[in-house]
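The block underneath contains the structure these notes are about, expressed in structure tokens.
2 protein chains.
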Amino acid sequence: MKPRITLKKIANEFGVSISTVSKALKDSHEISEETREKIKAFAGFYNYKPNSLALQLRNQKTSVIGVIIPEIVHHFFSTVINGIETYANEKGYNVMVCLSNESYDKEVSNISVLTNGSVDGLIVSLARETQQNQNFKHFEALIKDDFPLVLFDRVKDDLACDKVIIDDVGGAYKAANHLVEIGKRRIALLTTQDYITVGSLRKEGYLKSLVKNDIGIDESLIYKIDDKQDLYEQIKKVIFVKNPPDAILAVNEIYAANALKIAKERGLTIPNDIAIIGFTSGLISEFTSPPLTSVVQHGFLMGKQTAELLINRIEHTASKEYQKEVISPNLKIRQSTLIK
Amino acid sequence: MKPRITLKKIANEFGVSISTVSKALKDSHEISEETREKIKAFAGFYNYKPNSLALQLRNQKTSVIGVIIPEIVHHFFSTVINGIETYANEKGYNVMVCLSNESYDKEVSNISVLTNGSVDGLIVSLARETQQNQNFKHFEALIKDDFPLVLFDRVKDDLACDKVIIDDVGGAYKAANHLVEIGKRRIALLTTQDYITVGSLRKEGYLKSLVKNDIGIDESLIYKIDDKQDLYEQIKKVIFVKNPPDAILAVNEIYAANALKIAKERGLTIPNDIAIIGFTSGLISEFTSPPLTSVVQHGFLMGKQTAELLINRIEHTASKEYQKEVISPNLKIRQSTLIK
DNA sequence: AAAAATTCCGCAAACGTTTTCGTGTTTATA
DNA sequence: TATAAACACGAAAACGTTTGCGGAATTTTT
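Which chain is which? The protein sequence lines are A and B, in order.
Sequential numbering of the first sequence, starting at 40, is according to my numbering.
Sequential numbering of the second sequence, starting at 40, is according to my numbering.
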């Protein structure tokens, strides 16, 4: 790579000082018009751009936001990043993306790398492992130093920082109510292992709905899927039973789509024999047949709000108190729950 | 945010010079063990980390890779980023992601921002607008300065830089051949507007296959979809005709999934009445019914190779010549082309 | 006891920028 | 003609780090 042109080189070219060049390029009245013009012409010709690192160091500000997410090949997370990027860009920030790959160690090391001065603030969604081992020392250290930090989606409640979450309880509640309204009583829940916060919150909404609708809770209808094992086989055990449920609420799109596929394999008609709803973030639900009714999550909005909270923090326009913003999901009704 | 601890502060604490502190922390033999230990203890206690900006400025190296893609809410691009991130991380680099949103202006400004010293190299996939207006001045400027640059997927051939592309011609060729093999003759092509390179390359493969299989080319079977208009209506015109095609080759997943949906609406059986293949990058094809045969694109591998080329460039371990790596897509056969 | 070697540390430059303050020269004012 | 003002520019510090070199003090060698 060719060495970039600097103020010093321009200064040498004209036999003036660095400060003169700097001022000339900023159209300072301190510099004569003649000098100004020739310096600007020269700089323009060589496409001079101030070195960003030098500026960042001097101004003690990078205008970069660090984002750490568990994975990026995931419609929900990429949608959130899109929201973050959009808002951040409007405000003159760039985005540095790091992946924890659900690993605690990677999350810790990402945080360590990003907080060495290269970003002004951090947006994080917790790795699965972190949620599992409940070790938050790396975040507590940040908080102790008042480092601008916003958690989204997968958060830890007692950490003193801004948070943006989906109303998972409400979403599951709405979805389960909908299933009851179309006449279903034996509603199975396909959820995650307990330590995944969103999974247990959605379970909470599901239970709340059953109680409200005077439907007894049948623990045998609650299936905790293990993501590390074969999905298909696990979900098969939900449907290939003597007396299958008449509805399924799945906490994500993949579970729902698999359930749909398996139900059809068993010859059940949808939604009459069995209705299915999934939490969604992607496009799968739209293209299954029948298309799946879904709880949609507004990832873009979430990203924007997350970025907004963070930038307010960075620029000290935030209130002293930490905020927790809750985004309500929508129920998008499609044919998998549409009884004629 | 609390001010971070610096060498200077540690130096003041012990009444020694900054260089002494720096050396002590690096276990230099120039510093007495006593001084070394107390400085290290103090630094450790306050969790000292060298300021990355200062290091970057001094070393003239950021260890950051800039990535500019048209959009991120897209399975293919997020998979590529995943590959880039994985490889870059192994090599000690971080990744800064910017979105052009298919806009020429945004692409130009992203490049301008990223090349002001904040990244060591750039990975780009061209915005749609850039492909349209064929203006590559911003890249030519980079190339003139020998700035490390790698283009992937949506590339411009005559730019003098490394490139990684999918063998789109070969992929479409394979796919069309497969359709012929299962007995189809009236194969419609759902492609993009001409200026999208991948669209026209896939068209090329399609045509090549027809020629090879002695099937006459019927221009009326080639549909150029406009992404800015309603997909559903456009694709409807392909299938709701007097004499619909007996197969469809779609240049992306969404076109294919829509075609499938519409074909079913028209009461056609798949694959007997009409077989469908799509280029894919996402999960939709797996969950449609029947599942769609797809040309799969190996985005992760693409990302890794792209990052590898770039880092070799940055670290001068690359050969003088620019490389063009071609990744062959696979044909994943599913029920939409499986004739019993 | 003198010379040489070793130990321990500080100075200063370098990376590239901005900005305050100072200074010498020219021009305008009294 | 002396003084004040205006003009045009430079020096230097600051952001935080690394590192070659020099030097004082101590220790070892001859």
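Where is the CB? At the ideal position from N, CA and C, for every residue including glycine.
> Going by Cα to Cα distance, which pick from 147/A, 86/A, 364/A, 266/A is closest to residue 201/A?
Replying inline: 364/A
>> Could you check whether residue 294/B and residue 274/B sit closer than 8 Å to each other, using their CB atoms as the reference points?
In response: yes
> Nearest to residue 81/B by alpha carbon, out of 46/B, 209/B, 71/B, 344/B?
Replying inline: 46/B
> What residue does the alpha helix (DSSP H) around residue 147/A start on, and which one ends it?
Replying inline: 143-153
>> Classify residue 352/A: buried if its beta carbon has 16 or more other beta carbons within 10 angstroms, exposed otherwise.
In response: buried
> When we look at the beta-carbon of residue 309/B and count the other beta-carbons within 10 Å, is it buried (16 or more) or exposed?
Replying inline: buried
> Going along chain B in order, which residues have a C-beta closer than 9 Å to the C-beta of residue 60/A?
Replying inline: Under the 9 Å cutoff, chain B gives no residues; its nearest Cβ is about 17 Å from residue 60/A.
> Is residue 333/B helix, strand or coil by DSSP?
Replying inline: strand
> So does the segment 116-126 of chain A actually touch the segment 184-200 of chain B, counting three or more Cβ pairs closer than 8 Å?
Replying inline: no
> If we ignore side chains and look at the alpha-carbon of each, how far apart do residue 158/A and residue 92/A end up?
Replying inline: 12 Å
>> Against chain B, with Cβ distances strictly below 8 Å, would residue 186/A count as a contact?
In response: yes
> Which residues in chain B sit within 7 Å of residue 81/A, going by Cβ to Cβ distance?
Replying inline: Correct list: empty, because the minimum Cβ distance to chain B is about 17 Å.
> Mind pulling the chain B residues with CB within less than 7 Å of residue 40/A?
Replying inline: 184, 185, 186, 187
> For a contact meaning CB atoms closer than 8 Å, what does residue 134/B contact in chain A?
Replying inline: 135, 136, 137
> Name the chain A residues whose beta carbon is nearer than 9 Å to that of residue 89/B?
Replying inline: 155, 156
>> Give me the chain A residues within the contact set of residue 118/B, using Cβ-Cβ distance strictly less than 8 Å, ordered along the chain.
In response: 112
> Identify the residues that DSSP records as bridge partners of residue 262/B: which are they?
Replying inline: 229/B
>> So residue 86/A contacts chain B; which residues on that side make the cut at Cβ distance below 8 Å?
In response: 180
>> Considering just the uninterrupted stretch of the beta strand (DSSP E) at residue 369/B, what are its terminal residues?
In response: 369-371
> According to DSSP, which residues form a beta bridge with residue 435/B?
Replying inline: Residue coverage of chain B in this structure runs from 40 to 379, which leaves residue 435/B outside it and unanswerable.
> Are three or more beta carbon pairs between the segment 239-253 of chain B and the segment 280-290 of chain A nearer than 8 Å?
Replying inline: no
> What does residue 323/A touch in chain B if you count any residue whose Cβ is under 7 Å from its own?
Replying inline: 322, 323, 326
>> Taking CB distances under 8 Å as the criterion, tell me whether residue 167/B reaches chain A.
In response: no
> Going by beta carbon distance, what residues of the same chain come within less than 7 Å of residue 198/A, once the five residues before and after it are set aside?
Replying inline: 175, 178, 182, 190
> In chain order, what residues of the same chain have a beta carbon less than 8 Å from the beta carbon of residue 372/B, not counting five sequence neighbours either side?
Replying inline: 217, 332
> Name the DSSP bridge partner or partners of residue 201/A?
Replying inline: 189/A
>> Which same chain residues end up closer than 8 Å to residue 240/A when comparing Cβ atoms and leaving out the 5 residues on each side of it in sequence?
In response: 207, 208, 211
>> Could you check whether residue 87/B and residue 350/B sit closer than 8 Å to each other, using their CB atoms as the reference points?
In response: no
> Using a C-beta to C-beta distance shorter than 7 Å, which residues of chain B count as neighbours of residue 296/A?
Replying inline: 326
>> Would residue 134/B and residue 136/A qualify as a contact pair, given that the criterion is a beta-carbon distance under 8 Å?
In response: yes
>> If the criterion is Cβ atoms closer than 8 Å, does the pair residue 417/A and residue 338/A meet it?
In response: A query on residue 417/A cannot be resolved here, the shown segment of chain A reaching from 40 to 379 and no further.
>> Check for me: the beta strand (DSSP E) holding residue 165/A runs from which residue to which?
In response: From DSSP, residue 165/A is part of no beta strand (DSSP E); its letter is neither H nor E.
> Does the beta carbon of residue 232/A come closer than 8 Å to any beta carbon on chain B?
Replying inline: no
> Along chain B, which residues have their Cβ under 9 Å away from the Cβ of residue 270/A?
Replying inline: Correct list: empty, because the minimum Cβ distance to chain B is about 12 Å.
>> Quick check: is the beta carbon of residue 300/B nearer than 8 Å to any beta carbon in chain A?
In response: yes
> For the segment 46-113 of chain B, which segments carrying the beta strand (DSSP E) assignment without a break, of at least 3 residues, lie completely within its bounds, in sequence order?
Replying inline: 103-108
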